[in-house]
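Novice: Protein chains in written order, with UniProt numbering: chain H, 1 to 147; chain G, 1 to 147; chain V, 1 to 147; chain Y, 1 to 147. By construction, the Cβ of each residue, glycine as well, lies at the ideal position given by its N, Cα and C atoms. Model, not experiment: these values are computed from the prediction. Before anything else, here's the structure in question.
Protein chains: 4
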Amino acid sequence: MSRISDPHFAERVRASFAKQHAMDLIHATLPVVEHGRTEIHLPHWSGVEQQHGFVHGGVVSMIADSAAGYAAMTMVPASASVLTVEYKMNLVAPADGDKLIARGKVVRPGKTLIVTQAEVFAVKDGEEKLCALMQQTIMVMHGKDEK
Amino acid sequence: MSRISDPHFAERVRASFAKQHAMDLIHATLPVVEHGRTEIHLPHWSGVEQQHGFVHGGVVSMIADSAAGYAAMTMVPASASVLTVEYKMNLVAPADGDKLIARGKVVRPGKTLIVTQAEVFAVKDGEEKLCALMQQTIMVMHGKDEK
Amino acid sequence: MSRISDPHFAERVRASFAKQHAMDLIHATLPVVEHGRTEIHLPHWSGVEQQHGFVHGGVVSMIADSAAGYAAMTMVPASASVLTVEYKMNLVAPADGDKLIARGKVVRPGKTLIVTQAEVFAVKDGEEKLCALMQQTIMVMHGKDEK
Amino acid sequence: MSRISDPHFAERVRASFAKQHAMDLIHATLPVVEHGRTEIHLPHWSGVEQQHGFVHGGVVSMIADSAAGYAAMTMVPASASVLTVEYKMNLVAPADGDKLIARGKVVRPGKTLIVTQAEVFAVKDGEEKLCALMQQTIMVMHGKDEK
Chain H
1 MSRISDPHFA ERVRASFAKQ HAMDLIHATL PVVEHGRTEI HLPHWSGVEQ QHGFVHGGVV
61 SMIADSAAGY AAMTMVPASA SVLTVEYKMN LVAPADGDKL IARGKVVRPG KTLIVTQAEV
121 FAVKDGEEKL CALMQQTIMV MHGKDEK
Chain G
1 MSRISDPHFA ERVRASFAKQ HAMDLIHATL PVVEHGRTEI HLPHWSGVEQ QHGFVHGGVV
61 SMIADSAAGY AAMTMVPASA SVLTVEYKMN LVAPADGDKL IARGKVVRPG KTLIVTQAEV
121 FAVKDGEEKL CALMQQTIMV MHGKDEK
Chain V
1 MSRISDPHFA ERVRASFAKQ HAMDLIHATL PVVEHGRTEI HLPHWSGVEQ QHGFVHGGVV
61 SMIADSAAGY AAMTMVPASA SVLTVEYKMN LVAPADGDKL IARGKVVRPG KTLIVTQAEV
121 FAVKDGEEKL CALMQQTIMV MHGKDEK
Chain Y
1 MSRISDPHFA ERVRASFAKQ HAMDLIHATL PVVEHGRTEI HLPHWSGVEQ QHGFVHGGVV
61 SMIADSAAGY AAMTMVPASA SVLTVEYKMN LVAPADGDKL IARGKVVRPG KTLIVTQAEV
121 FAVKDGEEKL CALMQQTIMV MHGKDEK
């Protein structure tokens, strides 16, 4: 990938995640923060279900969007923040599992724009099944860190 | 648009919405259900915020996706259900308001696939400001109604 | 929309279009250039067909992408140029007609990013039928005009 | 991936490609057809250029769309054809090279819908540089082969 522009990227990303009430609302956690990639996990619980008892597609999107956005954030200077410009999401199977794992990664770092991808897997009886696939554009806001 | 294939579409759509725990979790309501269009409203409250105190982009997406999906559902036979195949979302401004309004509409009805759009507005001091724009593909599952 | 930042936008856009060999290759023309919107026309001829004798989806995309990109270009200062960051295209019907019309428009102007939409219609026996729908993100390159 | 449903997929795909006048118009070739993946190559020549002398983004999209669509076609029965429902394309760098290579692959095969991805690389002095990234939805038309 490219070189690390902030050695403390993981603390910065975790601090930002901790301030997102919406991630707390859905019971999402951020167990993995590496340079250019992150993982968000979500237990299956009744509050995030849609009408058939699967996890709601909108909740699947929330963790995909965040996992990929934070993957981008690991690659920007400490003095910058990131913003989701847009993303495209394919929901390829019902989110049917005990837990979901969203894996976000940077596929094309740039100075102003970063292109990322995320995959979301439903884990059932220890087996992962792909349920969503995302391609996303992130904008880097230089000189505007998250205070 | 096209003719109404189920005169009771509004009841059917409202019943489906009522079963979505995730919509309840974020405090979303569905005050408007018309043929080919719906509106979902969301009050701004702390549980749906991101790190800057605006409504989380993922929550914005949830109501856009649902408003457009339910707009599609108003146009299918009672014996069918709908599924989000994919969507593309541009987040054009922070969701900064007292409440959000997501307006979904069908732009191209088809037998198997329905193309929709949604706009999300943040309402502040009575004024609406566009914060998100979505284009979505919905699949019609014939013979598979939501029991 | 917003106010005009370059009174000579139409000349600037037409000059840029004239330099695109690829538009010439497919026989595309740009008969309409207004503030925030343009139209590209394409006759149906054998060179742009796919295997069923309709206009190739890729050619439909080319004129949609260009119509919307030039719509964005009408709204930037003379000292700036525009770049397609990304777009999403739904091909909703075969491009079956004597000619195609791509209509691009700006839906959300911004200083750095402009969000646009385009629709492509196939014209047959004088009647327009929607065949494609696009949502696009354009980046404004300030201080980098097209020499 | 999944098992081969038509042992003659490569002939079928090549025959379809040969009938696309638009691929001929831009000088595209299809040198690689494997189960679940294809490659389309395009020489850089003046007819496909945009105003700065790079390959036009629309032409980049054409070969990405086709490479991924044909990757999907390698996985359907001989009695079926495929249709592009929609795609999303990020143009991440100018298509600056002597030749372009579009690599399409199936990422999620399904009975009715197939999700694919494509990458386009510009080759300059023997080195490949990513210039575009696509995520696409393909529909399988069962019982409707390309005569």
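Which class does Phe121/H belong to by DSSP, given the choice of helix, strand or coil?
Specialist: It is a strand residue.
Novice: Could you round the C-beta distance between Ile63/V and Ile40/V to whole angstroms and report it? I think they count as a contact, below 8 Å.
Specialist: The pair is a contact, with the Cβ atoms about 4 Å apart (cut-off 8 Å).
Novice: Which two residues bound the contiguous beta strand (DSSP E) that contains His41/Y?
Specialist: Looking at the DSSP string, the run of the beta strand (DSSP E) that includes His41/Y is Arg37 to Pro43.
Novice: My understanding is that Glu119/H touches Arg103/H, with C-beta atoms under 8 Å, so please give their C-beta distance in whole angstroms.
Specialist: Confirmed, about 5 Å.
Novice: Consider the C-beta atom of Pro43/V and the heavy atoms of the ligand PLP; say whether any pair is separated by less than 6 Å.
Specialist: Ligands in the displayed structure: none, and consequently the ligand PLP is not present.
Novice: Around the C-beta of Asp65/H, are 16 or more other C-beta atoms found within 10 angstroms, so that it is buried, or is it exposed?
Specialist: That one is buried.
Novice: Taking the straight line between their C-alpha atoms, what separation do you get for Lys111/G and Gln117/G?
Specialist: Going by the C-alpha atoms only, they are around 17 Å apart.
Novice: So is Glu49/G buried or exposed if we call it buried at 16+ other beta carbons inside 10 Å?
Specialist: Looking at its Cβ environment, which holds 16 or more other Cβ atoms inside 10 Å, Glu49/G is buried.
Novice: Which residues mark the beginning and the end of the beta strand (DSSP E) in which Val32/V is found?
Specialist: Val32/V -> beta strand (DSSP E) spans Thr29 to Glu34.
Novice: What does Lys111/H reach in chain V if we use C-beta pairs closer than 7 Å?
Specialist: Those do not exist, as Lys111/H stays about 12 Å from chain V at its closest Cβ, beyond 7 Å.
Novice: Restricting to Cα atoms, I'd like to know which of Ala67/Y, Phe121/Y and Gln136/Y is closest to Ile114/Y.
Specialist: Of the candidates Ala67/Y, Phe121/Y and Gln136/Y, the one whose C-alpha sits nearest the C-alpha of Ile114/Y is Gln136/Y.
Novice: Give a yes or no on whether the minimum CB-CB distance between Val115/G and chain V is below 7 Å.
Specialist: Closer than 7 Å: yes.
Novice: What did DSSP end up calling Met134/Y once you bin it into helix, strand or coil?
Specialist: Met134/Y: strand per DSSP, three-state reduction.
Novice: Measuring CB atoms only, is the region 80-98 of chain V touching the region 129-145 of chain V, in the sense that at least three cross pairs come out at less than 8 Å?
Specialist: Yes, they touch.
Novice: Give, in chain order, every residue of the region 125-142 of chain V whose Cβ lies closer than 7 Å to some Cβ of chain G.
Specialist: Residues Leu130, Leu133, Gln135 and Thr137.
Novice: Just tell me which of Phe17/Y, Val123/Y and Arg12/Y has its CA closest to the CA of Leu25/Y.
Specialist: Considering only alpha carbons, the answer is Phe17/Y.
Novice: Helix, strand or coil, according to DSSP, for Ala78/H in the structure here?
Specialist: It is coil, neither helix nor strand.
Novice: For chain Y, check one thing: does any of its Cβ atoms lie closer than 7 Å to the Cβ of Lys105/G?
Specialist: By this cut-off, Lys105/G is not an interface position.
Novice: To the nearest angstrom, how far is it from the Cα of His21/Y to the Cα of Leu91/V?
Specialist: Cα to Cα, the separation comes out at about 19 Å.
Novice: Can you say whether Ala78/H is buried or exposed, counting buried as having 16 or more other CB atoms within 10 angstroms of its CB?
Specialist: Exposed, because fewer than 16 other Cβ atoms sit within 10 Å of the Cβ of Ala78/H.
Novice: Any beta carbon from chain G within less than 7 Å of Glu86/H's own beta carbon?
Specialist: It does; some Cβ of chain G falls within 7 Å.
Novice: Report yes if the CB atom of Val59/Y is closer than 7 Å to the CB atom of Val140/Y, and no otherwise.
Specialist: Not closer than 7 Å, so no.
Novice: Since Val106/Y is in the beta strand (DSSP E), which residue starts that stretch and which ends it?
Specialist: Where Val106/Y is concerned, the enclosing beta strand (DSSP E) stretches over Lys99 to Arg108.
Novice: Considering only the beta carbon of each residue, do Asp6/V and Ser81/V sit closer than 7 Å?
Specialist: Contact: no.
Novice: Among His56/G, His35/G, Leu130/G and His52/G, which has the Cα closest to the Cα of His8/G?
Specialist: It is His35/G whose Cα lies nearest to the Cα of His8/G.
Novice: Determine, using beta carbons only, whether Ala72/H and Val106/H come nearer to each other than 7 Å.
Specialist: Contact: yes.
Novice: Just the chain H side, please: which residues come within less than 8 Å of Val59/Y by C-beta, in chain order?
Specialist: Result: empty, since nearest Cβ-Cβ is about 20 Å, beyond 8 Å.
Novice: Mind checking Ser61/Y: buried by the 16 CB within 10 Å criterion, or exposed?
Specialist: Buried, because 16 or more other Cβ atoms sit within 10 Å of the Cβ of Ser61/Y.
Novice: Does any CB atom of chain H fall closer than 7 Å to the CB of Arg37/Y?
Specialist: Not closer than 7 Å to any Cβ of chain H, the Cβ of Arg37/Y fails to qualify, so no.
Novice: What separation, rounded to the nearest whole angstrom, lies between the Cα atoms of Lys124/Y and Pro94/Y?
Specialist: Rounded to whole angstroms, Lys124/Y to Pro94/Y spans 12 Å at the Cα level.
Novice: Quick check: His56/H and Pro43/H, are their CB atoms within less than 7 Å of each other?
Specialist: Contact: no.
Novice: By Cβ distance, which residues of its chain are closer than 6 Å to Tyr70/G, with the 5 residues on each side in sequence left out?
Specialist: Correct list, in chain order: Val13 and Thr38.
Novice: Closest Cβ-Cβ distance between Arg108/G and chain V: below 7 Å?
Specialist: Yes, contact with chain V.
Novice: List the residues that DSSP assigns as beta-bridge partners of Glu86/G.
Specialist: DSSP output for Glu86/G lists Asn90/H and Thr137/G as bridge partner(s).
Novice: Might you give, ordered along the chain, the residues of its own chain that have their beta carbon closer than 6 Å to the beta carbon of Ser2/G, omitting 5 neighbours on each side?
Specialist: Answer for Ser2/G: Pro109, listed in chain order.
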